[in-house]
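Trainee:
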Amino acid sequence: MLAGRLNVKTRTFSVEEVPTPRPGPDEVLVKVEAAGVCLSDAHLIDGTLTPLYLPGDTVTLGHEVSGVVAEPGPGTTRWRPGQRVLLQAGEDRGGAVWTRGVDYDGGWAEYAVAHESTLVELPDDLPFEQAAIIPDAVSTPWAAITTTARVEPGRPVGVWGVGGLGAHAVQLLRVVGAAPVIAVDPLPEARKRALAFGADLALDPDELELPALVRAETGGAGLAVAFDFAGVPAVREQAVACLDRGGKLVLVGLTDRPLTISDGTAFSYFQQQVLGHYGSSEEHVAQLVELVRRHRVEFSRSVGGTFPLAEAQEAVDRLLRKEGNPVRLILKP
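Numbering (the working numbering), first residue to last: -2 to 330.
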């Protein structure tokens, strides 16, 4: 079968023929129908990210995956051929969370093996392209909103960075009743998308009076929660300046740059908080699939284009160029 393989030692990526895997006990072989292309995949290729648990030097990329059960492994009775499923983006192995497509082979391939506990059945009317992006692109902001930030209805929130994660954050903040939802992004196309996804106000971070505009929109109070999906130090300083008393800054975008609070006295006086966030858990994916099943959310606007698996490198390059400003690009094996 074809698979998108990365040598993490040389950072060499290629789509090549490899043996089709076989499912072992408690495993399922899945015929991949769609796989998301994420910035973290690009960062694995360029060396910004390195697997923590990968045995060996080579891995098949892809942690956002959906498909059809092809073959249950020996003794596996929970799943049957033909069932439509998505794959959780990781699994617990000995108390450590291993990430699919990072620490073990992922879904940039014609077939993928998954532990039976990491499959989630899909509604018949959920397209594979939309299902694939739920683990990570949708579940990460959902977990940040519902678990880390615990956003309350009717409370003002801000979203810095309306890309693959932030765009879904805007959409999901409306689901939980946050109001107003204020989006901040330097790209005009991203601000336009934020409004289309449900933001009440979209601002350019270069606006000199941005904190004043945020406070005007929130009746002078400021934000209960500010989400940083950009991972940029300047964003964090600006977001803190927009917080209400007791407000929270939630860090979702990843960076190795230091976090600084320029006015520590004010930060302490107003009892503000900084919270780190990473990824999501199995229940968040299950919740989102149920919301889709009940037609509370849908993600058709999130698919910015599809590519055959053989053109995986071009999909990565297009994402990095922000060509067309896509939320997510999809590989179709």
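Note that CB positions come from ideal geometry on N, CA and C, so glycine has one too. The structure presented is a predicted model; accordingly, all values stated were derived computationally and were not measured.
For T55, which residues from the same chain have a beta carbon less than 8 Å from its beta carbon, with the 5 sequence-adjacent residues on both sides left out?
Mentor: Only R2, L3, N4 and V5 meet the Cβ criterion.
Trainee: For E118 and G59, I'd like the C-alpha separation in whole angstroms.
Mentor: Computed Cα separation, rounded: 19 Å.
Trainee: Quick one, which of G98, Y101 and E61 has its alpha-carbon nearest V82's?
Mentor: Of the listed residues, the one whose Cα sits closest to V82 is E61.
Trainee: By DSSP, does E311 sit in helix, in strand, or in coil?
Mentor: It is helical.
Trainee: Got a sec? Which residues, its chain only, sit under 6 Å from F264 by beta carbon, not counting five neighbours each side?
Mentor: So the list reads I258, once near-sequence residues are dropped.
Trainee: Helix, strand or coil for E61, going by three-state DSSP, please let me know.
Mentor: In this structure, E61 counts as coil in the three-state DSSP scheme.
Trainee: Is it right to say L36 is buried, meaning 16 or more other beta carbons lie within 10 angstroms of its own, or is it exposed?
Mentor: Buried is the call here.
Trainee: With C-beta atoms as the reference, is F267 less than 9 Å away from G243?
Mentor: Yes. Within cutoff.
Trainee: For R77, I'd like the list of residues in its chain whose CB is within less than 8 Å of its CB, leaving aside the five on either flank, ordered along the chain.
Mentor: So the qualifying residues of the chain are V66 and P69.
Trainee: Just the C-alpha distance for R233 and L26, rounded to the nearest angstrom, thanks.
Mentor: Between R233 and L26, the C-alpha separation is close to 43 Å.
Trainee: Say whether the stretch 136 to 151 touches the stretch 168 to 177, bearing in mind that this needs 3 or more beta-carbon pairs closer than 8 Å, one atom from each stretch.
Mentor: Yes: at least three Cβ pairs fall under 8 Å.
Trainee: What do you reckon, are the CB atoms on A32 and P305 nearer than 9 Å?
Mentor: In this structure, P305 does not lie closer than 9 Å to A32 by Cβ.
Trainee: For T143, which three-state DSSP category applies?
Mentor: Three-state DSSP puts T143 in a helix.
Trainee: Can you look up R2 in the DSSP assignment and give me helix, strand or coil?
Mentor: Three-state result, R2: strand.
Trainee: Do you know offhand how far A227's Cα is from G72's?
Mentor: A227 and G72: Cα-Cα distance of roughly 45 Å.
Trainee: Quick check on Y108: buried or exposed, where buried means 16 or more other Cβ atoms within 10 Å of its Cβ?
Mentor: Buried, since its Cβ has 16 or more Cβ neighbours within 10 Å.
Trainee: Helix, strand or coil, according to DSSP, for G163 in the structure here?
Mentor: It is helical.
Trainee: For A93, list the residues DSSP reports as bridge partners.
Mentor: For A93, which the question treats as bridged, DSSP gives the partners R90.
Trainee: So, are the CB atoms of G276 and V94 less than 9 Å apart?
Mentor: Closer than 9 Å, so yes.
Trainee: Within its chain, find whatever has a CB closer than 6 Å to the CB of R254; leave out the 5 residues flanking it on each side and keep chain order.
Mentor: The residues are P230.
Trainee: For the beta strand (DSSP E) that contains K329, what are its first and last residues?
Mentor: First-last of the beta strand (DSSP E) with K329: R325 to K329.
Trainee: When the Cα of E311 is compared with those of F296, P20 and I327, which residue comes out closest?
Mentor: It is I327 whose Cα lies nearest to the Cα of E311.
Trainee: Give the DSSP-derived three-state secondary structure of S11 in the structure shown.
Mentor: Here S11 sits in strand by DSSP.
Trainee: Confirm, please, whether the CB-CB distance from A111 to L(-1) is below 9 Å.
Mentor: It is not a contact, given that the beta carbons lie outside the stated cut-off.
Trainee: Pull up the CB-CB distance for A146 and V222, whole angstroms please, since I reckon it's below 8 Å.
Mentor: Right, the Cβ-Cβ distance comes to about 5 Å (below 8 Å), so this counts as a contact.
Trainee: Among residues of its own chain, excluding the 5 on either side of E186, which ones have a beta-carbon nearer than 8 Å to its beta-carbon?
Mentor: Excluding sequence neighbours, E186 sits near N322.
Trainee: Could you pull out every residue in the same chain whose Cβ sits closer than 7 Å to the Cβ of V148, ignoring the five residues on either side in sequence?
Mentor: Hits under 7 Å: I142, V154, L170, V173, A175 and V222.
Trainee: Only counting the same chain, and skipping five residues up and downstream in sequence, which positions put a Cβ closer than 7 Å to that of R75?
Mentor: Excluding positions up to five away in sequence, the list reads E113.
Trainee: Could you give the first and the last residue of the continuous alpha helix (DSSP H) run that contains I42?
Mentor: It spans L36 to D43 - the alpha helix (DSSP H) in which I42 sits, taken as one unbroken run.
Trainee: Going by the CB atoms, is the gap between P177 and L200 shorter than 9 Å?
Mentor: Result no, Cβ atoms of L200 and P177 do not sit closer than 9 Å.
Trainee: So within the stretch 162 to 199, which uninterrupted alpha helix (DSSP H) runs reach at least 4 residues, ignoring any that extend past its ends?
Mentor: Entirely contained in the stretch 162 to 199, the alpha helix (DSSP H) runs reaching 4 residues are, in chain order, 163 to 172 and 185 to 193.
Trainee: Note down the Cα distance separating P16 from S299, rounded to an integer number of angstroms.
Mentor: Cα-Cα distance, rounded: 32 Å.
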